[in-house]
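Below is one structure, written out as structure tokens; the observations come after it.
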Amino acid sequence: MSNHYPGWAVRAGIWTREFRVFGRLFLSLLVVLGLNLIVVGCASTDRLPAVPLSIASKINIDIPDARFYPDTDAQRLAALGLQAYKRAQAAHHGHLPTNYFLAISGGGDDGAFGAGLLAGWSARGDRPVFGLVTGVSTGALSAPFAFLGSEYDAKLKQVYTDTRADDIFKKRTLLAAVANDAMTDTTPLRNMIASFVDKAMIDRIAEEYGKGRLLLIMTTNLDQGRSVIWNIGAIAASGYPGKQDLIVDILRASAAVPGLFPPVMLDVSVDGKRYQEMHVDGGAVAQAFLYPPSLNLKSNSARFGIQRKRVAYVLRNGRLFRPEENVKRQTLSIATQAISTMTATSGVNDTYRMYLTTKRDGVGFNLAYIDNDFTLPYKGPFDQGYMRALFEYGYEKGKAGYHWHKTPPGYQE
Amino acid sequence: MNQRLVWFLLGAVFASLFWAIAMSVLNEQLMQTFFGFGGH
């Protein structure tokens, strides 16, 4: 038998039965690893090529004014604003009331805060009709409800208090990290969005768009590393046959936390050649936005002779700072806390951008966020008890009359 | 059944179990990492 085994091992007297057993187990391990690698290789997700940035402006998605790139489309956005102003004038027969803006930020399950505050504000009775509503990530999911006003408060409450993790995602297989585009499958979330973005809601959004009101949602075009602002009202008001699916996909994309939730792949074509755009969470660029700083409301208003008071409200669905943590000295723990810190800080930075933009343009600024008086510890993603408590916290604040912060945190005039 | 085959199958079972546990732990930690984008 010894001629079957390495001569050096036999001579050294280490070719024992235990060694042979170990050898076979090791061989099995290699075979299983090999099979895993074959599975991973076969399971990679294909896609069409990304649109080169040099021809991105040629993309036509069949719906006029459906979307805008904040970094290059300031003039188109100004034209959209002017168009909305004229529609509002027609709807109000010339006399225009104060234009209220609302920005709803990202924050995952902390979206329950903003939802509660809006519902409480309705209950108080002095919640304005917002002329502009913007949403990012979880804010994108609540923005359509906020846009349509208190008639949708019950549904908004339902989304943030009756939802559990199972209603949002399903965990994928153990090889998801290397063989798929995200750790989870968000078919449940898509079904939930599709259940509330029904024909009735789309018709109502289109109706309000016709009155000069705007509902804007931000996603991140990950191929190009820049944000995209989607004009949901224009899509709703269009005759595009797939508009419901497109709106659902935009909302899902805006909430597609990178790595955790799958991106939304949008098919586009340029000069007859087919491409795909990969869209993920708008929060990859900004946690909240009102309008891009490249759009100067003040100078545009002067140019077109528009005199209208404007007041902005920003709902930050999160705390200003990440709660302290005794961070484990381990790679992924450090990465986790670093990402969490960056996200929380990005949220604060966004309030500065919005504040300075509104200050430049003479727009009133108001900010709400989860303060230190909400003390319930976080219990994990989409914990129903946590979300219900946070909704109630926001609701009570809204009902009592929120003491809006007039400057970003730490800002001294 | 061939004794070598039995050992091999036993090894395959243990190896699969090892990979499943390792990947499960890694997946859970990656999930937590990506949830960090929510700001928690």
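Residue numbers (the working numbering), protein chains in the order written: chain A, 1 to 413; chain B, 1001 to 1040.
Every residue, glycine too, gets a C-beta built ideally from N, C-alpha and C.
Just so you know, these numbers come straight off a predicted model, no measurement behind them.
**Message:** Against ASN1027 of chain B, what residues of chain A qualify as contacts under a CB-to-CB distance less than 8 Å, listed in chain order?
**Reply:** As a working mapping, residue 1027 of chain B is identified with position 27 in the second sequence. Those are LYS171, LEU174, ALA176, ALA177 and MET183, listed as they occur along chain A.
**Message:** Which residue marks the beginning of the alpha helix (DSSP H) containing LYS399 of chain A, and which one marks its end?
**Reply:** Indexing the first sequence from 1 puts residue 399 of chain A at position 399. Start and end: 384 to 400.
**Message:** Extract the residue ranges of the alpha helix (DSSP H) inside the stretch 178 to 257 of chain A, only unbroken runs of 4 or more that lie entirely within it.
**Reply:** 187 to 196, 199 to 210, 232 to 237 and 243 to 254
**Item:** Through-space distance from GLN158 of chain A to THR187 of chain A, alpha-carbon basis
**Value:** Translated into positions along the first sequence, residue 187 of chain A becomes position 187. Translated into positions along the first sequence, residue 158 of chain A becomes position 158. Between THR187 of chain A and GLN158 of chain A, the C-alpha separation is close to 19 Å.
**Asked** Does any C-beta atom of chain B lie closer than 8 Å to the C-beta of TYR378 of chain A?
**Response** The residue labelled residue 378 of chain A in the question sits at position 378 within the first sequence. Output row for TYR378 of chain A: interface = yes.
**Request:** Taking only beta-carbon positions, decide if VAL270 of chain A is within less than 8 Å of chain B.
**Result:** Taking the first residue of the first sequence as position 1, residue 270 of chain A is located at position 270. For VAL270 of chain A, the answer is no, since every Cβ of chain B falls outside 8 Å of its Cβ.
**Request:** State buried or exposed for ARG213 of chain A, treating a residue as buried only when at least 16 other CB atoms are found within 10 Å of its CB.
**Result:** Here residue 213 of chain A corresponds to residue number 213 of the first sequence, with the count starting at 1. When all chains shown are included, ARG213 of chain A counts as buried.
**Item:** Three-state secondary structure (DSSP) of LYS58 of chain A
**Value:** Walking along the first sequence from the start, residue 58 of chain A turns up at place 58. LYS58 of chain A: helix per DSSP, three-state reduction.
**Request:** Tell me, please, whether the CB atom of THR375 of chain A is closer than 8 Å to any CB atom in chain B?
**Result:** Against the first sequence, residue 375 of chain A aligns to sequence position 375. Not closer than 8 Å to any Cβ of chain B, the Cβ of THR375 of chain A fails to qualify, so no.
**Asked** Would LEU390 of chain A pass as a contact of ALA112 of chain A if the rule is Cβ separation under 8 Å?
**Response** As a first step, residue 390 of chain A is located in the first sequence; it is residue number 390 there, counting from the start. As a first step, residue 112 of chain A is located in the first sequence; it is residue number 112 there, counting from the start. In contact: LEU390 of chain A and ALA112 of chain A (Cβ atoms closer than 8 Å).
**Prompt:** Counting contacts by CB-CB distance shorter than 8 Å, is ILE168 of chain A in contact with chain B?
**Reply:** Along the first sequence, read from residue 1 onward, the residue named residue 168 of chain A stands at position 168. Not one chain B Cβ lies under 8 Å of ILE168 of chain A.
**Asked** For the stretch 392 to 399 of chain A against the stretch 118 to 133 of chain A, are there 3 or more C-beta pairs whose distance is under 8 Å?
**Response** yes
**Request:** Could you check how far apart the C-beta atoms of ASP109 of chain A and PHE382 of chain A are, in whole angstroms? I think they sit under 8 Å.
**Result:** Locating residue 109 of chain A in the first sequence gives position 109, where the first residue counts as 1. Locating residue 382 of chain A in the first sequence gives position 382, where the first residue counts as 1. Right, the Cβ-Cβ distance comes to about 5 Å (below 8 Å), so this counts as a contact.
**Message:** Check whether the stretch 332 to 348 of chain A and the stretch 303 to 311 of chain A are in contact - that is, three or more C-beta pairs closer than 8 Å.
**Reply:** no
**PHE130 of chain A: first and last residue of the uninterrupted beta strand (DSSP E) it sits in** = Within the first sequence, the letter at position 130 stands for residue 130 of chain A. Counting along the chain, the beta strand (DSSP E) containing PHE130 of chain A begins and ends at 130 to 136.
**Item:** Proximal chain B residues relative to GLY107 of chain A, where beta-carbon distance stays under 8 Å
**Value:** On the first sequence, residue 107 of chain A is found 107 positions in, with the first residue counted as 1. Those within 8 Å of GLY107 of chain A in chain B are GLY1038 and GLY1039.
**Message:** My output table needs one value for ILE306 of chain A: the three-state DSSP class, helix, strand or coil.
**Reply:** Looking up residue 306 of chain A in the first sequence gives position 306. Of the three classes helix, strand and coil, the one that applies to ILE306 of chain A here is coil, per DSSP.
**Closer than 8 Å to chain B by CB, PRO263 of chain A** = For this step, residue 263 of chain A is matched to residue 263 along the first sequence. Chain B, which has no Cβ nearer than 8 Å to the Cβ of PRO263 of chain A, makes this no.
**Prompt:** Does VAL257 of chain A have its Cβ less than 8 Å from a Cβ in chain B?
**Reply:** Walking along the first sequence from the start, residue 257 of chain A turns up at place 257. For VAL257 of chain A, the answer is yes, since a Cβ of chain B falls inside 8 Å of its Cβ.
**Request:** Specify, as a first and last residue, the run of the alpha helix (DSSP H) that TYR378 of chain A falls within.
**Result:** Within the first sequence, residue 378 of chain A is the residue found at index 378, counting from 1. No alpha helix (DSSP H) holds TYR378 of chain A; DSSP gives it neither H nor E.
**Message:** I'd like to know if LEU260 of chain A contacts chain B, where contact means its C-beta is closer than 8 Å to some C-beta of that chain.
**Reply:** As a first step, residue 260 of chain A must be located in the first sequence, where it is residue number 260. By this cut-off, LEU260 of chain A is an interface position.
**Message:** Would TYR160 of chain A and ALA90 of chain A qualify as a contact pair, given that the criterion is a beta-carbon distance under 8 Å?
**Reply:** In the first sequence, counting from the first residue as 1, residue 160 of chain A sits at position 160. In the first sequence, counting from the first residue as 1, residue 90 of chain A sits at position 90. Contact: no.
**Asked** Which bits of chain B does ARG322 of chain A rub up against, with CB to CB less than 8 Å?
**Response** The residue you call residue 322 of chain A lines up with position 322 of the first sequence. What ARG322 of chain A touches in chain B: GLY1039 and HIS1040.
**Asked** Is it right to say LYS406 of chain A is buried, meaning 16 or more other beta carbons lie within 10 angstroms of its own, or is it exposed?
**Response** Start at 1 with the first residue of the first sequence, and residue 406 of chain A comes out as number 406. By the 10 Å Cβ count, LYS406 of chain A comes out exposed.
**Asked** Does the stretch 255 to 266 of chain A touch the stretch 163 to 182 of chain A, meaning 3 or more C-beta pairs lie closer than 8 Å?
**Response** yes
**Request:** Out of A:ASP198, A:GLY125, A:ARG190 and A:GLY283, point me to the one whose CA is closest to ILE104 of chain A's CA.
**Result:** Taking the first residue of the first sequence as position 1, residue 104 of chain A is located at position 104. Cα-wise, what sits closest to ILE104 of chain A is A:GLY283.
**Asked** For TYR69 of chain A versus ARG226 of chain A, is the C-beta spacing smaller than 8 Å?
**Response** Taking the first residue of the first sequence as position 1, residue 69 of chain A is located at position 69. Taking the first residue of the first sequence as position 1, residue 226 of chain A is located at position 226. Yes, the Cβ-Cβ distance between TYR69 of chain A and ARG226 of chain A is below 8 Å.
**Request:** Keeping to the same chain, check which residues put their C-beta closer than 7 Å to that of ALA237 of chain A; ignore five residues upstream and five downstream.
**Result:** Within the first sequence, the letter at position 237 stands for residue 237 of chain A. So the list reads ALA206, TYR209 and GLY210, once near-sequence residues are dropped.
**Message:** I need the straight-line Cα distance from PHE1037 of chain B to ALA194 of chain A, nearest angstrom please.
**Reply:** For the purposes of this step, residue 1037 of chain B is taken as the residue at position 37 of the second sequence. For the purposes of this step, residue 194 of chain A is taken as the residue at position 194 of the first sequence. So the two alpha carbons sit approximately 24 Å from each other.
**Other residues of its chain near ALA286 of chain A: CB distance less than 6 Å, five sequence neighbours each side excluded** = Taking the first residue of the first sequence as 1, we reach residue 286 of chain A at position 286. ASP350.
**Item:** Rounded Cβ spacing between GLY135 of chain A and ALA143 of chain A (contact assumed at less than 8 Å)
**Value:** Within the first sequence, numbered from 1, the residue matching residue 135 of chain A stands at position 135. Within the first sequence, numbered from 1, the residue matching residue 143 of chain A stands at position 143. Yes, GLY135 of chain A and ALA143 of chain A are in contact; Cβ-Cβ is about 3 Å, under 8 Å.
**Message:** Taking the straight line between their C-alpha atoms, what separation do you get for PRO323 of chain A and HIS1040 of chain B?
**Reply:** Residue mapping note: residue 323 of chain A aligns to position 323 of the first sequence, counting from 1. Residue mapping note: residue 1040 of chain B aligns to position 40 of the second sequence, counting from 1. Each residue's alpha carbon lies about 8 Å from the other.
**Message:** Just verifying my parser: in three-state terms, what is the DSSP assignment at PRO267 of chain A?
**Reply:** The count along the first sequence starts at 1 and reaches residue 267 of chain A at position 267. The question names Pro, but residue 267 of chain A is Asp in the sequence shown. Three-state DSSP puts ASP267 of chain A in a strand.
**Request:** Would you check if there are 3 or more beta carbon pairs closer than 8 Å linking the stretch 291 to 300 of chain A to the stretch 354 to 370 of chain A?
**Result:** yes
**chain B within 8 Å of PRO381 of chain A, Cβ atoms only** = On the first sequence, residue 381 of chain A is found 381 positions in, with the first residue counted as 1. Closer than 8 Å: yes.
**Request:** For GLN276 of chain A, name the three-state secondary structure that DSSP assigns.
**Result:** Taking the first sequence and counting its residues from 1, one reaches residue 276 of chain A at position 276. DSSP places GLN276 of chain A in strand when its eight states are reduced to three.
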